[in-house]
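Residue numbers (our numbering): 7 to 377.
Working notes, beginning with the structure itself.
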Amino acid sequence: MKKNVIRIIAVVLAFTMLAVSFAGCSTSEVNRPIPVETKTDLGDVYFEFTYGELKNILPGDKLATLYENFNKKTDDRVVKLSYYELVSKYGSEEYFNDILALISDEEWAQFTGNQQEVLDYFNGMINDIKTNGSARVSYYENFWINHGDGVVFKSEDGKELENQDKFRAAFRLYADMALKDIGSFLMNLSQEDATKKNADLTDVIYPLGEKTASTLTLNDLYTDEKTNTFPIYTSIVPTMVYDLDEKGNNAEDEEGEYIFVPSELYRTINMVVKPEEASVKKAFTVREKDGIMEQFKVAENYLILNSFEIAFTPCKITAGINAVNDEMAYTTYEKNMIITANITFTGALADYGTVVVEFPCTSSLTYNFGW
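Written as C-alpha cells, this is what we have:
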C-alpha cells in the first residue's frame, strides 16, 4: 500500500512537473502590427533614387540619414521619396535642383497627372467642414513684414533711391511700430474657444461671409517649372514600425533587413494659388487694405501713410489629413502680398521727405480641426 501511494505521488509529481515544463515553454500570442491603408487613393507618386545616384549629390550626413534603415548600402539600393519630402528635406539646399534633375520625364508626368483629383478631394473635404460644421474648429493668425532686400525705396517718379540701407533702417522702426498692436485686428481664437460640432462656420473659415470654403479650379492654381513650383501636389508620409516574427522579434527579410509596416498614414496637400485677386478670393478673405494697413497709423509720429496699393504674389494653402480615415487635421492659408505705399516721414525722420516704398508681407491663418 505504501509503495502504491508512493507510485501515485510520483505520477502526480511527474504530471505536475510536465505541466509546469510546458507552461514554461509556451509563449503568449504575438501582437504583430497591422499595416494601415489609405482610405482614398489619389495616385500619389514617389520618385525612386539609388544610393549610387545620391552619393554624388548629398553630403555624407544627409545620405546616411536617408539610408539609415538599410544595413547594406550598395549602389543599386533604392529609396523612394515624394515631392513633398524632397521639398521639405532639401528645398532650401543648393543641391536641390541636382536631385530633381534625376527625375525622368515619365515620372514627372505621373506626378502632375492627378491634380484635378487632388483638388476635388480638398474642395470636398474643406467645404463639408464649413457647410455642415462637421468638425470643431480653432484657429490662429499671424502677420509679418519680410524685412531685408525685398524692401525697396523709390522716389515718387519711380526711381530707386540711393542709401537703401538707411531707408530700410527707418522703415523697420515704422513696421515694428505698426505691428505692435496687430493682435487686436487678428482673430486670436484660442484652442479653448474652439467651435462646437455643427456650428455655423460662415464667419469662421475663409472666405469669411461665404457658405462655401473653396471654389478653386485648376485654372486658379499657379505653376512655374523654372523654379520647380507646382500648382498642387499631395503625398503620404507614413509612420513606420517594426514588423514582428512569430517569436516577437523584429522580422527580417531574406537579405537580413528589418521589415517595417505603416502604423499611421499622414497626407499633406500643397496648393499654390495664382496672384490674381479673382483667384485668391475663391479661397481667401481679401481684407488687408481696410484692416491690416490701419495698424500702421500707430507710427504717425514717424511717418504719414498717404496712399497704398496691394498686389498678391503666389499664395499657398497647405492641408494635413489623416489618410486612413480622410479626416482633415489642419489647413493653413498663407497670403503673400507686395504693398506699395506712398509715405511722408515726420518728426525725427522728416529729412527723408516723401518716398514710395515697396515691401513684401504675409498673412498666415491656420485652422485646426477636431473630430
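Here a beta-carbon is modelled for each residue, glycine too, at the ideal position from N, C-alpha and C.
query: Return the residue from the list Gly49, Asp50, Asp82 and Lys95 that minimises the CA-CA distance to Thr71.; result: Lys95
query: Leaving out five residues on either side along the sequence, give the residues of the same chain with a beta carbon under 8 Å from the beta carbon of Thr229.; result: Thr235, Phe236, Pro237 and Val278
query: Examine chain D for any beta-carbon lying closer than 8 Å to the beta-carbon of Lys78, and answer yes or no.; result: Judged by its chain identifiers, the structure shown contains no chain D, having just a single protein chain.
query: Hey, could you find the ends of the beta strand (DSSP E) Ala325 is sitting in?; result: Cys321 to Asn328
query: If I measure Cβ to Cβ from Gly156 and keep anything under 7 Å in the same chain, skipping five residues before and after, which residues do I get?; result: Phe365 and Pro366
query: What number of angstroms, rounded off, separates the C-alpha of Lys380 from the C-alpha of Leu60?; result: An answer regarding residue 380 cannot be provided, because it is not within the stretch 7 to 377 covered by the chain.
query: Just to confirm the assignment: which complete beta strand (DSSP E) runs, minimum length 3, are found wholly within the region 336-377?; result: 360-376
query: Tell me the DSSP bridge mates of Ile151?; result: Cys367
query: Is Val84 buried or exposed, if buried means 16 or more other CB atoms sit within 10 Å of its CB?; result: exposed
query: Starting from Asn133 and walking both ways along the alpha helix (DSSP H), at which residues does that stretch end?; result: Gln121 to Asn138
query: Which residue wins for smallest C-alpha separation from Val362, given the options Ala107, Glu283, His153 and Glu166?; result: Glu166
query: Tell me the DSSP bridge mates of Thr245?; result: Glu270
query: Under 8 Å, do Asn342 and Thr319 count as touching if we go by C-beta distance?; result: yes
query: Count the CB pairs spanning the region 210-224 and the region 247-266 that are closer than 8 Å, and state whether there are at least three.; result: no
query: Can you give me the Cβ contacts of Thr346 inside the same chain, cut-off strictly under 6 Å, excluding the 5 residues immediately before and after it?; result: Glu315 and Glu364
query: Grab me the residues of Lys203's own chain with a C-beta within less than 8 Å of its C-beta, minus the 5 sequence neighbours each way, in chain order.; result: Gly139, Ser140, Ala141 and Arg142
query: Determine the direct distance from the alpha carbon of Asp47 to that of Thr33, and round the result to whole angstroms.; result: Because the pLDDT of Thr33 is 48, which lies under 50, any placement of that residue in the model is unreliable, and the number read from its coordinates should be weighed accordingly. Distance between the alpha carbons of Thr33 and Asp47 is about 39 Å.
query: Using the rule of at least 16 other Cβ atoms within 10 Å of the residue's Cβ for burial, across every protein chain shown, is Leu224 buried or exposed?; result: exposed
query: Taking the alpha carbon of Gly49 as the reference point, which residue from Thr360, Phe290, Pro65 and Tyr127 has its own alpha carbon closest?; result: Tyr127
query: Check whether the region 324-342 touches the region 261-276, taking contact to mean three or more Cβ pairs, one atom from each stretch, closer than 8 Å.; result: yes
query: Name the two residues that bound the continuous beta strand (DSSP E) containing Lys79.; result: Run containing Lys79: none; DSSP gives neither H nor E here.
query: Below 8 Å between beta carbons: does that hold for Leu227 and Lys288?; result: no
query: At the level of alpha carbons, what is the spacing between Glu113 and Phe53?; result: 7 Å
query: Could you name the residues of the same chain whose beta carbon sits closer than 7 Å to that of Ile105, not counting the 5 residues immediately before and after it, in chain order?; result: Ile63, Leu92 and Tyr96
query: Here's the rule: buried if 16 or more other CB atoms are within 10 angstroms of the residue's CB, otherwise exposed. What is Ile135?; result: buried
query: With the cut-off set at 8 Å, would you say Tyr239 and Tyr90 are in Cβ contact?; result: yes
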